[in-house]
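Protein chains in written order, with the numbering used here: chain A, 3 to 413; chain B, 3 to 413.
Cβ coordinates follow ideal geometry from the N, Cα and C atoms, glycine included.
Encoded as structure tokens, the structure appears first; notes follow it.
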């Protein structure tokens, strides 16, 4: 739980992903290399700890720490506060995010790969449980390597129905631990002709399946050839009312679409999870920005998860960039973190290690921020409904006012 | 232009705004206190300098530097690159942002206050001109103190028609310097019964008025009592086609509304300016987030401007927070900066000093990023047009899926 300042090496060696090796996260790098009062000022801006707010950690039980040592995963726990209200009790929930690398090489038998990931996740989920986590989210397509870069259809074998093996595995744990679990998988929709979807299954704290959400926006960028495998989701923007609050899931590339974030907000989400798989060269500078903006603009909490490590595939592939064929997708940089509607955020988990990030959050903060900033009430949605209606017409003409001198010049 | 590393004091004294005194910007604090290879890694994430990109400065003429020394304003200049294209020439424009404090106390005669600001801005605009700036944006309500905290109506005297004194002052400079100038003022609309607006006037490089945009979203938060003075704008989301590119203006609080940012994008903006006036205690943790997110999500450049310094008013006022009356609005923290659609950004100007920030930007980058990331094509606007249409109805019912166990429990 502590900063582990002494453990940050000041190596200047470049890692394979172009970053400097030997540091665990931006937060650790800065805490190890800045004097405390300067680190505090940097945190005021970077973590949004304004008005003298301190970064508050919460203690987790020794048994959780023991699991994190034994199974070598990062374990950090923080706390977001809300003001006390006179007419409502606090609604504090403890939320967990898990990031992980795959467990065995992609050359292993598919069944072994899946079972090995189950085995790897079990102690991390147990650590969440003994820490009292109420809602836990796993990473995107957690049962498999992120094989969509290959464009090989054999990886479709990892797809499962919503009530398949991985869901059953988690249902047992959800029931046992009285925990809501969000399970993002590659879904096989048998009732619709074996259609594949990128889906999050929402498992209630009694082990029941509350529902599912299918990824709304599918990337076509870099090695993210996901449009080869599945189509845009058809489940809208559902908010799931669970025992611990109203939650929604914005899967991966959906975080680049502020409208997607908005829609979960309009439907009343208090926590939006963003299970992702993304690599450093492509998206790392966006990672600390988009989730925080979604939390600010929509007055809800965001939990962002990215997988960890470099996955090497059996057959090399090209990346549409003119470079030679290669067999890996680049470095999944982890860095899972929470964002708050008050513009603050937690430090990120490691860029390199598996991890469990826990945060307490008082969901009352969502309404408090709405009352304070009034973004919903000042949003003028009618302007934008009208604009989108016009924009969707093929003959849409943008509102452009040209400098008449410009046309005089070119005439 | 250089980093001025040696000038960053490591004071632990707390400033009146709660921050640590004695440093000029986050960038300067980090550059002065981190070893170079660590600073580079921090910049990779904070400034979005991925894939080995370096932070590139451009040189400005000695005459500009002389003006910045003589008139004591921060002067920094950077450069955003785009790939070379085979079928289009680069479209590099040089863009400038000015941030400044007021020039004389708010107790001075209004005419003296206005004239003093004109006099203060003249050498900064001249520095932009000799540096070859093509498009220059001033800060929100630049002709006056940001007096809306007071709720006193006498400050309305600062309002001017679109073709008023301040516009005429800038028209001369625009013509002389062949520069597009964006002039955010408090507008008095005489033709509509002396209506006031928060307006940006767009002055073409021939000194002509191209048009105006009126602030779309009006805050009701903290001391931002702007809704006491003017209403939500009625000019839509115009994009102005100038000699140097398609630009738009998202005035101040509009940056909290992703839909507002989206609308300028849908209308084809390549650069969106965000002239602002905002104080540290309220918004500083949001400042590095929202503009960058708008640039990423909408594939355009953003130029963010905030005024500088603490403005003290003649009569004390309360702030709706139960605290004693006081006569100042808090610290306007400057920190103006540019964001690029590729997720990179420049360092910010000073938190304390007047400043001119210049950046070259190849506008071809906007389309290149659209082609790469495909956010427009994957946006599914029809989903959101439909959602907004439904949301706008008073009987809108959010899409909520409740855990049936939950209702069993409470039944």
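{"Item": "The alpha helix (DSSP H) enclosing residue 242 (chain A), as first and last residue numbers", "Value": "First-last for residue 242 (chain A): 241-244, but that is the beta strand (DSSP E), not the alpha helix (DSSP H)."}
{"Item": "Any chain B beta carbon closer than 8 Å to residue 173 (chain A)", "Value": "no"}
{"Item": "Beta carbon of residue 95 (chain B) nearer than 8 Å to that of residue 213 (chain B)", "Value": "no"}
{"Item": "Below-8 Å beta-carbon distance, residue 243 (chain B) vs any chain A residue", "Value": "yes"}
{"Item": "Contact list for residue 370 (chain A) against chain B, beta-carbon separation under 8 Å", "Value": "Residues of chain B passing the Cβ test: none, with the nearest at roughly 12 Å."}
{"Item": "Cross-strand partners of residue 361 (chain B) (DSSP beta bridge)", "Value": "B:80, B:97"}
{"Item": "Inter-residue CB distance, residue 298 (chain A) and residue 283 (chain B) (contact presumed, cutoff 8 Å)", "Value": "16 Å between Cβ atoms; not a contact."}
{"Item": "Chain A contact for residue 397 (chain B) (CB, 8 Å cutoff)", "Value": "no"}
{"Item": "Chain-ordered neighbours of residue 336 (chain A) on chain B, where CB pairs are closer than 9 Å", "Value": "Chain B residues near residue 336 (chain A): none, gap ~13 Å exceeds 9 Å."}
{"Item": "Per-residue contacts from residue 415 (chain A) into chain B (C-beta, under 8 Å)", "Value": "Residue 415 (chain A) lies beyond the range of chain A shown here (3 to 413); nothing can be said about it."}
{"Item": "Among A:148, A:331, A:202, A:274, the one whose alpha carbon lies nearest that of residue 303 (chain A)", "Value": "A:274"}
{"Item": "Beta-carbon spacing of residue 278 (chain A), residue 142 (chain A) below 8 Å", "Value": "yes"}
{"Item": "Cβ pair residue 49 (chain B), residue 352 (chain B) closer than 8 Å", "Value": "no"}
{"Item": "Straight-line gap, residue 397 (chain B) to residue 391 (chain B) (C-alpha atoms, nearest Å)", "Value": "12 Å"}
{"Item": "Against chain A: residues of the stretch 224-249 of chain B by CB proximity under 8 Å", "Value": "234, 238, 239, 240, 241, 242, 243, 244, 245, 248"}
{"Item": "Outcome for residue 122 (chain A) when other beta-carbon atoms lying within 10 angstroms are tallied against a minimum of 16", "Value": "buried"}
{"Item": "Residue 128 (chain A) to residue 78 (chain A) span [Cα, whole Å]", "Value": "15 Å"}
{"Item": "Below-8 Å beta-carbon distance, residue 181 (chain B) vs any chain A residue", "Value": "no"}
{"Item": "Cβ of residue 113 (chain A) within 8 Å of any chain B Cβ", "Value": "no"}
{"Item": "Buried versus exposed, by CB contacts within 10 Å (16 or more), residue 155 (chain A)", "Value": "exposed"}
{"Item": "Where residue 198 (chain A) falls: helix, strand or coil (DSSP)", "Value": "strand"}
{"Item": "Beta-carbon contacts of residue 368 (chain A) that lie in its chain and below 7 Å, excluding the five residues immediately before and after", "Value": "272, 301, 302, 343"}
{"Item": "Close-in-space but distant-in-sequence residues of the same chain around residue 366 (chain A) (CB under 7 Å, 5 per side omitted)", "Value": "84, 87, 90, 92, 93"}
{"Item": "Interface flag, residue 7 (chain A) vs chain B, CB-CB below 8 Å", "Value": "Low confidence applies to residue 7 (chain A): its pLDDT is 37, below 50, so where it sits in the model is not reliable enough to give any reading."}
{"Item": "7 Å CB neighbourhood of residue 328 (chain B) in its chain, flanking five on each side removed", "Value": "318"}
{"Item": "Selection from A:98, A:120, A:97 that minimises the alpha carbon distance to residue 106 (chain A)", "Value": "A:120"}
{"Item": "Any alpha helix (DSSP H) of 4 or more consecutive residues that is wholly inside the stretch 85-150 of chain A", "Value": "112-132"}
{"Item": "DSSP beta-bridge partners of residue 185 (chain B)", "Value": "B:203"}
{"Item": "Own chain partners of residue 161 (chain A) with C-beta closer than 8 Å, once the 5 adjacent residues on each side are dropped", "Value": "187, 188, 189, 190, 198"}
{"Item": "Test item: CB-CB of residue 362 (chain A) and residue 245 (chain B) under 8 Å", "Value": "no"}
{"Item": "In chain order, each beta strand (DSSP E) run of at least 3 residues that lies wholly inside the stretch 283-339 of chain B", "Value": "303-308, 310-319, 328-335"}
{"Item": "From B:53, B:25, B:27, B:26, residue whose alpha carbon lies closest to that of residue 287 (chain A)", "Value": "B:53"}
{"Item": "Contact with chain B by residue 352 (chain A), beta-carbon distance below 8 Å", "Value": "no"}
{"Item": "Buried/exposed call for residue 111 (chain A), threshold 16 Cβ in 10 Å", "Value": "exposed"}
{"Item": "Exposure label - residue 7 (chain B); buried when at least 16 CB within 10 Å", "Value": "Its pLDDT being 37, under 50, residue 7 (chain B) is placed unreliably in this model, and the value from its coordinates should be taken loosely. By the neighbour-count rule (16 or more Cβ atoms within 10 Å), residue 7 (chain B) is not buried but exposed."}
{"Item": "Residue-level contact to chain B via CB, residue 375 (chain A), 8 Å cutoff", "Value": "yes"}
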